[in-house]
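**Student:**
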Amino acid sequence: MSTAEEAIVDNQAADIVEDVEFVDMAFTKELRKATKDVHNLTDVLVNAKFALALSDDEVWYDGLLAFYELYKFFETHLPERLLPKEFYRTAAFERDFDYFYGSGWRDSYEPRPAVQKYLEHLEKITAQNELLLFAYSYQMYMALMSGGQMLQKKRMIARKLWIFSKSDDEEQQKQADKEAEVATAKAADAALKKDDLEARPMPAQIPVLKAKLRRVFNNHYGAFDDDLRAAFIEESRNVFRLNIEVVRTIKGVNRANLRKLALAVIFVSGIVLAVKFALK
């Protein structure tokens, strides 16, 4: 690591300590309490729906694609005082889609009906008060930095623990994917600049970004009158309700779950038969 890179890491570490220590959580806890029931319902649905399918690439990328349009809306409709540019994820999503679907994915892409309905609602509340749109962006970017990170970790763990055999074609594709990932990583390293830190935050940056977003929330929520606070809470609850409808549209989940269940049955059956033969 170069001296310049070490300096960046040291500065980030100092920022983490300073930013995380001094964020008032009172308003955050109030909002969390007001949305706890619908938040828990969403968690139950996600955990049930993706119990076995999380490590499936098609499911993972379709999930990203399902929510992509919403993040794009936030980043094109909210001023920087409500959504600083370092939170922008649209370009990072699009690079992921270019990698997985190919550069022509936009040619056949269109938002699914549940997303279109969601966007219509966002248009409506934005016309009323952009602070109500912030109710959505706050929850969604916090989810991306918290729940999204956890899902990514679970996905990687599931892929590592998935021990069932694959076909030759799948092995070849896996090797090709690995080589492409290595090439992409080398290209990214070669082009790395300081500004690239904003393109895709490292885990060490996430506490800083979360603290910054909480400060933006505190600065505005604390100044709300009773009517605006009530409307903000209601829209914060609607985030989870509308997200549930989008989650239900993610493709390939049943196929992936059934495939992995079938492989699990075959695997367990094989072990049972092997034990029986060994005991004879």
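Heads up, our numbering is the position in the sequence shown plus 35, with the first residue counted as 1.
A virtual CB, placed ideally from N, CA and C, is assigned to each residue, including glycine.
(1) May I ask you to report which of helix, strand or coil DSSP gives M180?
(2) Under 8 Å: do the segment 162-172 and the segment 137-151 share three or more Cβ pairs, one atom per stretch?
(3) Buried or exposed: which applies to S143, given that a residue is buried once 16 or more other Cβ atoms fall within 10 Å of its Cβ?
(4) Y123 by DSSP, collapsed to three states: which one?
(5) Classify T70 as buried or exposed, calling it buried when 16 or more other Cβ atoms lie within 10 Å of its own Cβ.
(6) Would DSSP call S172 helix, strand or coil?
(7) How would you call R194, buried or exposed, if buried means at least 16 neighbouring beta carbons within 10 angstroms?
(8) Does the count of Cβ pairs from the segment 118-138 and the segment 95-103 closer than 8 Å reach three?
(9) Measuring only the C-alpha atoms, how far is A291 from N254?
(10) Does the Cβ-Cβ distance between M175 and L248 come in under 8 Å?
(11) Using 10 angstroms around the beta-carbon of N91, count the other beta-carbons present and answer buried if the total reaches 16, otherwise exposed.
(12) For Y103 and R124, what's the separation of their Cα atoms in angstroms?
(13) Mapping the DSSP letters down to three states, classify L80 as helix, strand or coil.
(14) Rounded to whole angstroms, what's the CA-CA distance from D72 to P114? Just pull it up for me.
(15) On the three-state DSSP scale, how would you describe A291?
(16) Could you give the first and the last residue of the continuous alpha helix (DSSP H) run that contains T111?
(17) Using CA coordinates, which residue listed in G257, E270, T63 and N278 is at the minimum distance from Q163?
(18) Pick out whichever of F267, I241, I285 and E155 has its Cα sitting closest to the Cα of F108.
**Tutor:** Answer, in terms of the structure:
(1) Correct three-state label for M180: helix.
(2) The segment 162-172 is not in contact with the segment 137-151.
(3) Counting Cβ neighbours within 10 Å, S143 comes out exposed, since fewer than 16 surround it.
(4) Y123 falls in the coil class under three-state DSSP.
(5) The residue in question, T70, is buried, as its Cβ has 16 or more Cβ neighbours within 10 Å.
(6) S172 carries a helical assignment under DSSP once its states are collapsed to helix, strand and coil.
(7) Its pLDDT being 44, under 50, R194 is placed unreliably in this model, and the value from its coordinates should be taken loosely. R194 is exposed by the Cβ-count criterion.
(8) They touch, by the three-pair rule.
(9) A caution first: A291 carries a pLDDT of 46, below 50, which makes its placement in the model unreliable, though a value can still be read off. Computed Cα separation, rounded: 44 Å.
(10) Contact flag unset, no.
(11) Residue identity differs from the one stated: residue 91 is Asp in this sequence, not Asn. The residue in question, D91, is buried, as its Cβ has 16 or more Cβ neighbours within 10 Å.
(12) About 9 Å.
(13) For L80, the three-state secondary structure derived from DSSP is helix.
(14) D72 and P114: Cα-Cα distance of roughly 30 Å.
(15) Caution is warranted here: a pLDDT of 46 is assigned to A291, below 50, making its placement in the model unreliable, and the coordinate value is therefore given only provisionally. Helix.
(16) Membership of T111 in the alpha helix (DSSP H) is indicated by the continuous run D92 to H112.
(17) Out of G257, E270, T63 and N278, E270 has the C-alpha closest to the C-alpha of Q163.
(18) For F108, the nearest C-alpha among the options comes from E155.
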